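Notes for the one structure printed next.
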Amino acid sequence: MSELRHDPIQKRWVIIATERSRRPTDFRHEEPQKQLSHVESCPFCEGNEDKTPPEIFAIREPGSRKNGPGWELRVFPNKFPALRVEGDIGRRGLGIYDMMNGVGAHEVIVETKNHSLHMGDMPVSHLKKVVSVYKSRILDLGRDTRLRYTLVFKNHGAVAGASLMHPHTQLIATSITPRTISQELDSGKEHFLAKERCLFCDIINQELALKERIIYETREFIVLAPFASRFPFECAIYPRRHSHDYTLMNDAELYEFARVLKATLYKLKVALNDPPYNFVIHTAPYTTPRPGKEHYWKTLPYDYHWHIEIIPRLTRVAGFEWGTGFYINTASPEMAAEFLQNVELPEGFFDE
Ligand SMILES: [Zn+2]
Ligand SMILES: [Zn+2]
């Protein structure tokens with residue numbers, strides 16, 4: 081029989097349709113990407129730096145020129161930005177409607193010069209540089225008091241929305257807190273006010289005790305298939321130690337996070353034959369004081385817990401999901417967790 085499961089974080093129902101469930105191997109993606117290290121026509125490949133907007137940041141080889149070749153990683157504004165940095169927010173009403181100007185930032189982080197390097201195959205020391213740049217960009221954009229949130233996300237594969245195959249992450253900084261994040265903040269605050277405990281820590285402790293949905297764990301991090309997963313093989317990575325903000329990670333923690341991210345993405349790649357996927361970092365919003373709401377962020381360091389959501393794009397969102405706001409998932413999280421847990425990491429996986 082199918083089950084309805086409630087997500088205590090997003091306050092959303094999910095139907096786990098076990099009767100329609102297939103074997104884990106039936107979810108394998110059928111069209112893996114071509115493996116090419118350099119593509120002449122790719123604007124993100126080395127030597128084509130003039131095809132992108134001027135860089136905001138880069139990790140460069142000594143002696144290499146800004147906006148030229150000789151880099152390991154580059155950050156620049158999106159050529160077709162959804163939001164722009166210039167101008168005032170210009171909050172205004174239009175009768176019952178509210179509007180503001182499209183102020184924000186939209187940046188691209190080209191993770192490597194290798195055109196086809198999967199994150200699950202990156203050396204840990206390199207992936208550590210990538211996840212450290214996420215931190216520095218979030219911090220840098222937070223200095224702009226017009227902005228309330230920076231969403232860091234990755235689209236891998238055309239089905240997941242990537243218009244270019246070259247490995248890259250994007251970020252969009254907005255003058256409003258995204259609804260998914262504000263729902264999580266509200267749930268966390270509500271739980272904390274009632275119980276004086278972090279909702280996310282409570283979930284982590286319960287999952288560690290049950291051991292039914294754990295995909296991978298290290299001393300510092302836990303990877304699990306959420307109880308009310310919306311999609312087959314959905315994963316979430318949480319730091320075990322309570323922390324509300326991604327940018328509080330120190331160098332050692334960033335290195336550990338890179339290891340866990342690599343292992344998780346590698347497992348998905350092997351188990352599902354390089355599926356398209358998205359990941360999104362959920363971290364604390366900028367705590368710029370709000371007029372009239374001085375105590376708004378007072379409990380944030382206690383009641384929020386940063387994490388990352390990873391969603392392989394194996395199924396499509398259809399009319400039911402649009403109409404109800406809840407989801408039908410044909411793979412049980414317990415099955416997904418067991419299957420991914422059993423994907424072994426090869427010998428020397430974390431070696432450089
Ligand atoms: Zn490329
Ligand atoms: Zn916590």
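The working numbering numbers the first residue of the sequence shown as 81 and each following residue consecutively. Here a beta-carbon is modelled for each residue, glycine too, at the ideal position from N, C-alpha and C. Owing to the predicted nature of the structure, the values given are computational and were not obtained by experimental measurement.
>> Considering just the uninterrupted stretch of the alpha helix (DSSP H) at I283, what are its terminal residues?
In response: L279 to L290
> How close, in whole Å, do the beta carbons of A364 and Y346 come, if the pair is a contact with beta carbons under 8 Å?
Replying inline: That belief does not hold up - the Cβ atoms of A364 and Y346 are roughly 28 Å apart, past 8 Å.
>> For the alpha helix (DSSP H) containing L265, name the first residue and the last one.
In response: R259 to K275
> Can H362 be considered in contact with ligand 2, in the sense that its beta carbon sits closer than 8 Å to one or more heavy atoms?
Replying inline: no
> From L348 to P392, what does the alpha carbon distance come to, in whole angstroms?
Replying inline: 8 Å
> Listed in chain order, which residues are found with a beta carbon closer than 6 Å to a heavy atom of ligand 1?
Replying inline: V119, C122, F124, C125, H195 and H246
>> I'd like the span of the beta strand (DSSP E) that includes W151, first residue to last.
In response: W151 to P157
>> Taking only three categories from DSSP, how would you classify R321?
In response: coil
> At which residues does the alpha helix (DSSP H) containing K349 begin and terminate?
Replying inline: D331 to L352
> How many Å lie between V437 and I176 at the Cα?
Replying inline: With the chain covering only 81 through 432, there is no way to say anything about residue 437.
> Taking just the CA atoms, how far does V303 sit from Y296?
Replying inline: 5 Å
> Quick one: does the C-beta of I388 sit closer than 8 Å to a heavy atom of ligand 2?
Replying inline: no
>> If distances are taken between C-alpha atoms only, which option among T344, Y376 and N181 comes closest to F430?
In response: T344
> Is any heavy atom of ligand 2 found at a distance shorter than 8 Å from the C-beta of C278?
Replying inline: yes
>> What would DSSP say about Q421, mapped onto helix, strand or coil?
In response: helix
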